[in-house]
Each structure stands twice: as structure tokens, then as C-alpha cells.
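Structure first, commentary second.
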Amino acid sequence: MKILPLPLMLCALPGVAVAQAPDVTADEAASIVVTGTGLSLPPGTPAYGSVTIDRDRLEDAASGRIESVLADVAGFQQFRRSDSRASNPSNQGATLRALGGNASSRTLVLLDGVPVADPFFGYIPFSALVPDRLALVRVTRGGGSGAFGAGAVAGTIELASATRDQMPHFGASAFYGSRDATELSASIAP
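Residue numbers (this note's numbering): 106 to 295.
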């Protein structure tokens, strides 16, 4: 009985596998490059009254917050009056045309075509959206705006990420505030 555990433990050890050398080197392998662009806007888009905010305005935001840039759009309303620095993300929501701003956002917010709002509670984490990393913002007011359907009760806010050509190669910022509050950020775009 004392000898039996030793063979069981040896069987439990994994076998040593020897890797084979690759047949083709990385330089010889064919590389695949995929490029693409988004679909063009539908013909009925002008009927919804879209507002486009360009990269220059996004970079000039004094607060560095996307909600202060969106405040330039007529009808934009947040759930709370405080910005994303002072409130919990679960308290942040957006609406257009005064359809009742609450934490369950009435506006569909898309980042490169992907919904940003929390799928269960509907809040929008504005603190995760940095204006310096965006190329443009297109705000479309109106329920069910175009192809976005029922998710856009009050309208749609489309955020497009900046391309590598639009981003600076190196960026850094440091902020110091009252009560020893600090904010540091850095980015490198190859």
C-alpha cells in the first residue's frame, strides 16, 4: 500500500513535449493587411438634424471632459448636473430634447459603432471617454434616429476614435488640485 501512491503521482505528472521547428519563417509567411471604412450615412440623415463636433473643438475642451463639449449641443441634458469627475459612473446618463434625463440613458451613445452604455442599467461612463482620443462627435436628435432603431429613444451620439495620423506621437498631462488631488496621463502613438 505504501508503494501505490508513488506510481500514481508519477502518472499525474505531465509529459514533456518538444516543440517542432516551424517550416516557414515569419519573413516568408504572407502578411494580410485589412483596411476598411464605415458605411456612408443613409439618405434620410439630414431630416434628423445632426450636429457634428470636429476634432479641433474636442481638443480645445478646457475641462478635458466629453460632457462639457456635448453641452454645446442644443437639447443635451445630463442626469446629474455634476460632471464625471465628481459623480459615480452609475449616476451618469444623457438625453436629448428634454425627454427626461435619468440614469437610464435615453440617448444611444456609440463609440466606433459599439454601444457605450451599460447594458443592464443604461448609465454612460463619461469618465472613460477622453475627448483628445476622438476624431469627431455626431449628435443626431430624434427618436429612433435612422438605422439605430428603438435604442435611440431621444437620439444618438456617435463617437469616432481618432486615427493614428490624427493623434500626436507623444502626449502627457499632469494636473494638481486642492486636497492633493492629482491626475496624470501619458500616451504614445507609434
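Positions of the beta carbon are idealized from the N, C-alpha and C atoms, including for glycine.
All values reported here derive from a predicted model rather than from experimental measurement.
Within the DSSP bridge table, the entry for Ser278 names Ser290 as partners. For the pair Ser292 and Gly260, the Cα-to-Cα distance works out to about 32 Å. Around the beta carbon of Ile137, a 10 Å sphere encloses fewer than 16 other beta carbons of the protein chains shown; the residue is thus reported as exposed. C-alpha of Val156 to C-alpha of Thr287: approximately 34 Å in a straight line. For Val221 and Ala135, the gap between their C-alpha atoms comes out near 36 Å.
Rounded to the nearest whole angstrom, the CA to CA distance from Pro194 to Val214 is 14 Å.
Taking Gly154 as the centre and dropping the five residues before and after it, the same chain places the C-beta of Arg246 closer than 6 Å to its C-beta, in chain order. As summarised for the stretch 215–261, the continuous beta strand (DSSP E) elements at least 3 residues long and confined to that stretch are 239–246, given in chain order. In the DSSP secondary-structure assignment, Val156 is bridged to Val244. Comparing C-alpha distances from Asp159 to each of Gly282, Gly227, Thr200 and Pro236 shows the shortest one belongs to Pro236. By the C-beta density criterion, Gly198 is buried, having at least 16 other C-beta atoms within 10 angstroms. Taking the C-beta atoms as reference points, Val178 is found nearer than 9 Å to Val244.
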